[in-house]
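Okay, so the sequence shown: first residue is 254 according to the working numbering, each after it adds one. Think of the CB as a built atom: it goes at the ideal place given N, C-alpha and C, for glycine as much as any other residue. Quick caveat: nothing in here was measured; it's all calculated off a predicted structure.
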Amino acid sequence: MGGAIALPLPAAALPVLMAQAQPNNPRLNELLRQGREQVDAGNVTGAIALYEEAATLAPNNARIFSGIGFLQARQGNHRAAVTAFERAVQLDANNAAFYYALGFSRANLDDNAGAAQAYRRATELDSNNVQAFLGLGVVLSRQGDFEGAVRAYQQVATRQPNNAQIQEAIGTAYLQQQRYPQAVTALQQAARLAPRDGDVQLNLAIALLNSGNQTEGLAAMERAAALEPRNGQIYLKMGDIFRAQGNAERALAAYQRAVGLQPNLIEAHQAMGELLLEREDYLRAIVTYREVVELAPQDADAHFQLGVALQGRNRDEEAVAAYQAARDLYEQQGNTAGVERTREALRELSPNRSRPGD
254 MGGAIALPLP
264 AAALPVLMAQ
274 AQPNNPRLNE
284 LLRQGREQVD
294 AGNVTGAIAL
304 YEEAATLAPN
314 NARIFSGIGF
324 LQARQGNHRA
334 AVTAFERAVQ
344 LDANNAAFYY
354 ALGFSRANLD
364 DNAGAAQAYR
374 RATELDSNNV
384 QAFLGLGVVL
394 SRQGDFEGAV
404 RAYQQVATRQ
414 PNNAQIQEAI
424 GTAYLQQQRY
434 PQAVTALQQA
444 ARLAPRDGDV
454 QLNLAIALLN
464 SGNQTEGLAA
474 MERAAALEPR
484 NGQIYLKMGD
494 IFRAQGNAER
504 ALAAYQRAVG
514 LQPNLIEAHQ
524 AMGELLLERE
534 DYLRAIVTYR
544 EVVELAPQDA
554 DAHFQLGVAL
564 QGRNRDEEAV
574 AAYQAARDLY
584 EQQGNTAGVE
594 RTREALRELS
604 PNRSRPGD
C-alpha cells in the first residue's frame with residue numbers, strides 16, 4: 254500500500270564547527286576550518302577524516318561527533334553514523350537534534366526499536382520537532398504498532414494540517430488496523446489535498462470497499478487507474494481487490510495489465526497463476542508459472558505450482574521435473590512441510606519415479 258514516508262536526512266545536524274573555535278588550541282581550530290572547507294568543496298570523505306582527527310583533540314566536544322555522524326549518514330555509512338551520534342548524545346543528553354539524527358541512522362539500519370527510542374526522546378526534548386514525530390511514526394509502522402504510528406502522525410497533522418502525505422500515512426495505518434471508517438476520513442482528506450495521487454485514490458478505494466461503499470470505492474479505483482495508467486502496482490492492487498470480491502474475470506484482467514506494464518512484477522504473475530489454478534485453467538497457469546520460475550528460480554512454491562499446472566494437463570514427465578525441482582529447493586531452504594508436500598505429489602503422480610527414500 255501507499256503511505257510509506259521517506260525519512261528526511263537530518264540536515265540541521267552538521268554544526269557550524271568554527272563557532273566552537275578554542276583560542277588555546279590552534280591545531281583543533283585549523284582542523285575544524287579545513288573540515289568545513291572540505292564540506293563546502295564536496296569532499297565528504299576528506300572532511301570526515303579531518304573531523305575525526307579533531308575529535309581526538311577534543312573528545313568531549315559533542316558537536317564534533319554530531320558533525321561526523323551527519324557526514325557519515327550523508328555518505329550512507331549509517332553504522333559509523335550511529336557510533337558518532339551515540340557519542341554525541343552521551344556528551345549532550347538534552348539535544349533533540351542529536352537524538353533525531355541518531356534515530357534516523359538507526360532506522361536506516363532497520364534497528365526500528367532503537368530508532369523509536371531515539372525519536373521518542375527527541376520529541377520529549379522538543380515537542381515541536383515535527384521530523385522526529387514523523388520518523389517515530391515510520392518506525393512504529395514498521396514494527397506493526399499502527400496505533401502508536403497514528404498518534405505520532407497526528408502530532409504532525411496538528412502542526413501541518415495540509416500535509417497530504419501525513420493524512421495518507423494516517424489512513425494507511427488505520428487500514429492496517431481494519432479501522433475502515435477512520436481510514437476513509439483520513440484518506441478523503443488526503444485526496445482533497447492531493448487529488449492527482451493515484452496511490453491515495455487506491456487506498457481510499459480499499460477503505461471504501463471494506464466499509465461497504467461499493468459505488469464510491471469502485472469510482473476511486475477507476476480514478477487511481479486513470480491517474481497512473483502506467484503504474485503496474487496499481488493494477489496489481491486492483492486485481493487483489495477484484496479477487497477478494499470474487500470477480501475473477503476483472504481480477505485476471507487487472508493482473509494481466511499489471512504484468513503488461515511491468516513484466517518483472519513477480520507478485521502479479523504469482524497472483525495470476527494462483528487464480529488460474531483455482532479456475533483449473535492449467536494451460537495459462539503453465540505459461541504464468543514458467544514466467545515466475547524464470548524471474549525467481551529459487552522460488553520453490555512457484556516450481557511446485559508449475560508442477561500442479563503441468564499435472565492438470567497430463568504432462569506428467571514435465572510435472573515430475575517441476576516437483577523434483579521444488580523438492581530440492583525446499584530441502585535447501587529447510588522447509589520440511591514443503592519437502593513432504595512435494596514427496597506426496599510425486600508419490601501420487603508417479604510412485605516409481607520418486608527418489609529413493611521418498
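So the alpha helix (DSSP H) residue i belongs to, where does it begin and stop?
i      : result
Ser394 : 383–395
Asp581 : 569–586
Leu518 : Counting along the chain, Leu518 falls outside any alpha helix (DSSP H), and DSSP gives it neither H nor E.
Glu601 : 589–602
Val407 : A small correction: the amino acid at residue 407 is Gln; Val does not occupy that position in the sequence shown. Counting along the chain, the alpha helix (DSSP H) containing Gln407 begins and ends at 399–412.
Ala555 : 553–565
Ala233 : Since the first residue of the chain shown is 254 and the last is 611, residue 233 is not available in this structure.
Ala346 : Here Ala346 belongs to no alpha helix (DSSP H), and DSSP marks it neither H nor E.
Ala538 : 535–548
Gly513 : 501–514
So for residue i, helix, strand or coil by DSSP?
i      : result
Asn466 : coil
Leu284 : helix
Asn456 : helix
Ala341 : helix
Gly299 : helix
Ala447 : coil
Pro434 : helix
Gly485 : helix
Asn626 : Because residue 626 is not part of the residues shown, which for the chain are 254 to 611, the question remains open.
Val269 : Note that Val269 scores a pLDDT of 44, beneath 50, so its modelled location is shaky; the value from the coordinates is reported in the next line. If DSSP states are grouped into helix, strand and coil, Val269 belongs with coil.
Pro279 : helix
Gln621 : Since the first and last residues shown for the chain are 254 and 611, residue 621 lies out of range.
Gln328 : coil
Asp293 : helix
Gln498 : coil
Ser319 : helix
Arg374 : helix
Arg532 : coil
Asp493 : helix
Gly256 : Summary for Gly256: the model assigns pLDDT 44, below 50, so the residue's position carries little reliability, and this model does not support an answer.
Am I right that residue i and residue j are in contact with their C-beta atoms under 8 Å? What's the rounded C-beta distance?
i      : j      : result
Arg359 : Val391 : Not confirmed; about 12 Å, so no contact.
Val453 : Ala444 : 5 Å
Phe357 : Ala315 : With a Cβ gap of about 17 Å, Phe357 and Ala315 do not count as contacting.
Leu489 : Ala511 : 4 Å
Ile539 : Arg566 : 7 Å
Tyr620 : Gln384 : As displayed, the chain neither begins before 254 nor continues past 611, which places residue 620 out of reach and without an answer.
Leu599 : Tyr583 : Between Tyr583 and Leu599 the Cβ distance is about 12 Å, and since that is not below 8 Å, they are no contact.
Ala458 : Met474 : 4 Å
Asn347 : Leu310 : Not confirmed; about 24 Å, so no contact.
Gly306 : Leu285 : Reading the sequence as shown, one finds Glu at residue 306 and not Gly. With 8 Å as the limit, Glu306 and Leu285 do not qualify as a contact, their Cβ atoms being about 10 Å apart.
Gln325 : Asn365 : In fact, because the Cβ distance is near 20 Å, the residues do not count as touching under 8 Å.
Leu471 : Arg449 : That pair is no contact at about 19 Å.
Gln435 : Tyr427 : 4 Å
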